[in-house]
Amino acid sequence: MVRLALAFIATCLLAGHALAADVHVLVSVAFKPVVVAVAPGFEKRTGHKVKFVEDDDFDLALLPEVELERLGKDGVVADGSITRLARESRVFYAGALSTNAVNSNAALSLLILLSSEETQAILKSKGLSAP
């Protein structure tokens, strides 16, 4: 019975990593150090890999909120996915899922982590504050 339980657990763990995905992240220069700091722990826990992109082929955008609102009006980011993450002086940074990645568990998991209490100390160490 123990062997069967261990085999089941091993299968579940392997299946989780088999479903691991790359998360293509479009990020502003000011917010990139936060993502770089969070990425190793995220990758270790989830098996997903963070990949930085500089074009419209992204799953998750981390930009000034006004930019994301513009992208939302253009239909590039998913309605209702804009999440405020940090503030630097008068600029609010937010994250939003691409309309192409709205069902991406990997992108959503990274967005949730970036908006969590766990990330607050990293924000402060990078010169940003909670929104």
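Under mature numbering (1 follows the signal peptide of the UniProt record, and there is no 0), read the sequence shown as residues -20 to -1, 1 to 111, first letter to last.
Glycine is no exception: its CB is placed at the ideal position from the N, C-alpha and C atoms.
Secondary structure remark: continuous alpha helix (DSSP H) runs of at least 4 residues inside the region 23 to 53, in chain order: 45 to 53. Straight across, the Cα-Cα distance linking Thr99 with Asp39 is about 20 angstroms. A straight-line Cα-Cα distance of about 23 angstroms links Ser61 and Gly21. Excluding five sequence positions before and after Ala76, the CB atoms of its chain that fall closer than 6 angstroms to its own CB belong to Ala41, Leu48, Val57, Ser61 and Ile62, given in chain order. In this chain, the beta strand (DSSP E) harbouring Ala74 covers Val71 to Leu77.
An exposed status is given to Leu(-2), since fewer than 16 other beta-carbon atoms sit within 10 Å of its beta-carbon. DSSP places Leu90 in the helix class (H, G or I) of the three-state scheme. Collapsing the DSSP output to three states places Ala81 in a helix.
With respect to Phe72, Glu45 sits close: the two C-beta atoms are nearer than 7 angstroms.
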